[in-house]
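**Q**
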Amino acid sequence: MSTYPRRQVLGATAVVAASAALPLTAAPQARAATEAPADMQARADGQPVPWGTVPDPLTVPLTGLFDNDGIDTAAARGGDFDGSGYTFPGEELPAGRIEVDGVPFDFPASTAGTPNNVVARGQRVDLPAGRYLSAVFLTAGSYGNASGQATVHYADGTTTTAGLGGADWYAAAGSLSAPYRYQPDGTKDEHSVGIGTSDVWIDPQRDAVAITLPVTGPAEEGKTALHVFALSLQPVAQGRALILRDARSTQSLLESSGAQSVEATVLNAGTVAVLAADDVAVRVDVPGARTVEPARIRRLGPGEQARVRVGIRNGAGTAPGTVRDGTVRVRGRGAQAAALQRKLTLGTADYQATDTSLAGHQAPYWFQDAKFGIFIHWGVYSVPAWSPVGKQYAEWYWNHMQDPANAVHAYHRDTYGEDFAYDDFIPRFTAEKFDPRSWVELFRDAGAQYHVLTSKHHEGFALWDTKVSDRNSVRMGPKRDLVRELFEASRRYTPELHRGLYFSMPEWFNPDNPWMGHAPRNPYTLQSVPYTGYTAGKDYVKDYQAAQMLELIHGYDPAVIWCDIGGANDSLRVLAEYFNHAKDRARPVEVAVNDRSGIFFHDFTTPEYTTYDSTVVAKWEASRGLDPRSYGYNRATPDSAYMTTEEVVHSLVDIVSKNGNFLLDIGPRADGTIPEIMQTRLRETGQWLRVNGEAIYGTTYWSSMAQLGEDLRFTVRPDDAFYIHSLAEPGAKLTVEAPVPVRSGDKVTMLGHDRPLTWRVSNGALVVDVPAAARKAGRHVWVFKVEWRS
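Numbering (numbering that gives the first Met the number 0), first residue to last: 0 to 789.
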């Protein structure tokens, strides 16, 4: 079995009924209902105040609803998970009682011809009547990320609704993962598939009796469906009660101290909010290391989770990579509130070229906090720069040429002639007006925290001085090392930005390993043409692909390597060297790799021209161009078709509220100029971020829900503030029917408006008075800050 405990998909698109009681919101008139009795506040004898006992999670059988057989074994075939004959491999998945992301589940066994999951089609799941904090499902999507509204039914006849989702089983490996799937013919498709967890918020002040699943599917080829494998409920504890849902050591370092990070998820399972006065802290006890930076929790409402980072440091004589039994403890009010035993790896040993070793790596904290980056697609394709607007990627021009049915085939013939080869564009890729300083200063002004340049796209033309081929920008075209120039300008003029590089693993027409099945040829006559600058006869993977990646790693020190396509690779070896190179510097740095290097391991997933509908706790990054359907520059696209600034800001806020980063792409022209419309959009986005950036950078998702209806999103700055993002201009009153963590004494403001706002809790909803001056001060997205007071 192969698992990735970092990945978690949470129900995010939550709409809470107006009649719902909201115990997390505590205004003066409501606070008494959420405080513990006086005898729990303090004891006359001065002894520590006890914490409540938390009931064990309750698994709910779904066997009677199962209608899909999605798990096969080599010996027992017959399943069909997605409607096209593909299935999960039962040999790689457990059966029976398991723990995923710290939550127990009863996972169905793989038995030939027996259904083992339910396709969400509006079925009703009856629950043991009781009060719960959340329902946690094991889910996966087929043919895309699947989600919809689940309805929680209560004994008093009321309901709440919340998003229930599942990431595409093929596009993103989940918490419960397998390195391959079975194809319809019974052979293995060597691509990871996965199942994740998805939370549905339940009002802890009412007795829940049932949950109605969303309506998706059915499981048919080409149709998106949500599959549910298991369900677990977390009952409510009375009074003050905390649990540790999960804990693990990481190989990440805390920026504040340089200490190794141990991550833990703390859940408030009680009916009383945790406040600063409770002095809640998380520490680690483990032989061979000591806690040097405890994690503190100042505010955590009932049902909320906090993912915290505890800093530990090895003692003398403890070698990096030593594995020891340790205990993560939560203490507060003078007593232990929760504890969890785990095997912990102390320190960071050298990475090895194995899946197991690389699995210890994760997206660095700077990347998790950065939120916004700039993608740059620039290459020979920037010369023809044409495709039907909004239909296909202009940077795929060479490949589109090959298809007589594609509009590019006729366009090229009519514009350049049948004898004009794609490589004849290389001399026209001049970069003559490329000003790297102006580029990086534009990225900084846009509010971006990192940038990622295409070092080499599928056309195989490298933008650096690669030694393994003359097919590069130093030997041809610009006669300049474009990667080095951009990186040097970034280090000099915008040192606060992190620098990354995109790298295509295969090349369309490389003679030694053509992705498209043939070497370069004239698409009209099918006669062979040269692959300019390249000498055939190499071992494509080891002597060319891996060699180029190592040139970039050692010669340019990218903070991100953004691979594409996957396929044949030597990525285990290359990435192990990349991580070791980063950590063994005189001043260690944290680096990241995405999910397209052709191996099971990755630091973050990369949905393209789409996003996740639900919060994904494992790091992810959505990318798209300002162009309606192209990363590379498309000369046919009119200015009016580009994303508006409002669309950019709305996308950024939505993605960040669900724990994603937004990598927004621009396509420079062949001469190195960035189209004015792109510059305008970036600068206007930066203007919004200069006012509202505190609600974006360094924030995290809200564990209760990511959004409310179409217009509200939420982010949290741990131990500091809660942010409400209104995607529509609010009226005179902003009403938030959600369990907002606000209490008497907290200050509510709108970013960009310097005066406190009047607020109150009415019928369980937060109501904020928004004067005309505040409404006028906002633009694109209006951000309201709940500043937590001690």
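By construction, the Cβ of each residue, glycine as well, lies at the ideal position given by its N, Cα and C atoms.
Note that the structure is a prediction, hence the values are computed from the model and not measured.
I'd like the span of the beta strand (DSSP E) that includes S248, first residue to last.
**A** Boundaries of the beta strand (DSSP E) around S248: 241-252.
**Q** Restricting to Cα atoms, I'd like to know which of P93, K432, L339 is closest to G101.
**A** L339
**Q** Out of L574, T150, D464, state which residue places its alpha-carbon closest to the alpha-carbon of Q361.
**A** L574
**Q** Taking contact to mean at least 3 C-beta pairs separated by less than 8 Å, is the stretch 600-612 in contact with the stretch 268-287?
**A** no
**Q** Just how far apart, CA to CA, sit G162 and R498?
**A** Whole-angstrom Cα-Cα distance: 35 Å.
**Q** So, at 6 Å on beta carbons, what are the nonlocal neighbours of H649 in its own chain, with the 5 sequence-adjacent residues on each side left out?
**A** L726
**Q** If you compare alpha carbons, which of R623, K657, A776 is closest to V647?
**A** R623
**Q** Within this structure, are the beta carbons of A258 and L266 separated by less than 8 Å?
**A** no
**Q** In chain order, which continuous runs of the beta strand (DSSP E) of length 3 or greater are located wholly inside the stretch 275-361?
**A** 279-284, 288-292, 294-296, 304-313, 321-331, 334-345
**Q** In terms of residue numbering, what span does the beta strand (DSSP E) encompassing E786 cover?
**A** 781-786
**Q** What number of angstroms, rounded off, separates the C-alpha of E292 from the C-alpha of G310?
**A** Within the model, the alpha-carbon separation for E292 versus G310 is close to 5 Å.
**Q** Can the beta-carbon of D653 be found less than 8 Å from the beta-carbon of T714?
**A** no
**Q** For P387, which residues does DSSP report across the bridge?
**A** In DSSP, P387 forms no bridge with anything.
**Q** Compare the C-alpha of A837 against each of D184, G532, I598 and name the closest.
**A** Because the chain here runs from 0 to 789, residue 837 falls outside it and cannot be looked at.
**Q** Should V322 be labelled buried (16 or more other beta-carbon atoms within 10 Å of its own) or exposed?
**A** exposed
**Q** Since Q233 is in the beta strand (DSSP E), which residue starts that stretch and which ends it?
**A** Its beta strand (DSSP E) spans residues 224-234.
**Q** Look at T830 and V766 and say whether their C-beta atoms are less than 8 Å apart.
**A** Since the displayed the chain opens at 0 and closes at 789, residue 830 lies outside it and no answer follows.
**Q** I'd like the ranges of any beta strand (DSSP E) spanning at least 3 consecutive residues and lying wholly in the stretch 145-175.
**A** 145-153, 158-165
**Q** Let me know if Q335 comes out buried or exposed under the rule of 16 or more other beta-carbons within 10 Å of its beta-carbon.
**A** The C-beta of Q335 has fewer than 16 other C-beta atoms within 10 Å across all chains shown, which makes the residue exposed.
**Q** If you reduce the DSSP assignment to three classes, tell me which class G536 lands in.
**A** coil
**Q** Rounded to whole angstroms, what is the Cα-Cα separation between L500 and V559?
**A** 6 Å
**Q** So, using beta-carbon positions, are V782 and V739 closer together than 8 Å?
**A** no
**Q** Output the distance between the C-alpha atoms of V473 and H376, rounded to the nearest integer angstrom.
**A** 18 Å
**Q** What does the Cβ neighbour count give for A32, buried or exposed, with the cut at 16 atoms within 10 Å?
**A** Residue confidence for A32 is low, a pLDDT of 28 falling below 50, so the modelled location carries little weight; the figure read from the coordinates is stated next. It is exposed - the Cβ of A32 has fewer than 16 other Cβ atoms within 10 Å.
**Q** Taking DSSP as the reference, what is the three-state secondary structure of Y555?
**A** helix
**Q** For G631, which of G378, D245, A268 has the nearest alpha-carbon?
**A** Relative to G631, the option among G378, D245, A268 whose CA is nearest is G378.
**Q** To which residues of the same chain is K775 closer than 6 Å at the C-beta, ignoring the five residues directly before and after it?
**A** none
**Q** Determine the DSSP secondary structure at R30, reduced to helix, strand or coil.
**A** Annotation note: pLDDT 27 at R30 (below 50); position unreliable, coordinate value reported separately. Reduced to three states, the DSSP call for R30 is helix.
**Q** Below 8 Å, how does it come out for the stretch 210-227 and the stretch 627-641: are there three or more Cβ pairs, yes or no?
**A** no
**Q** With DSSP as the reference, identify every bridge partner of H456, one or two as the case may be.
**A** DSSP lists no bridge partner for H456.
**Q** For A20, which residues of its own chain have a beta-carbon under 8 Å away from its beta-carbon, when the five flanking residues on both sides are left out?
**A** In this predicted model, A20 has a pLDDT of only 28, less than 50, meaning its place in the structure is not dependable; the value taken from the coordinates is given anyway. Result list for A20: D202, Q204, R205, G763, in chain order.
**Q** When you compare the CB positions of N313 and G359, do they come within less than 8 Å of one another, or not?
**A** no
**Q** Applying the 10 Å Cβ sphere with the 16-neighbour rule, what's the burial state of P494?
**A** exposed
**Q** Given 8 Å as the limit, is there contact between the stretch 64-84 and the stretch 222-240, that is, 3 or more CB pairs closer than that?
**A** In this structure the stretch 64-84 touches the stretch 222-240; the number of beta carbon pairs closer than 8 Å is three or more.
**Q** Tell me the rounded alpha-carbon separation between D790 and D670.
**A** Since the first residue shown for the chain is 0 and the last is 789, residue 790 is missing from the structure and cannot be characterised.
**Q** Who pairs with D662 in a beta bridge, going by DSSP?
**A** Note that residue 662 corresponds to Leu in the displayed sequence, not to Asp. For L662, which the question treats as bridged, DSSP gives the partners G372, S622.
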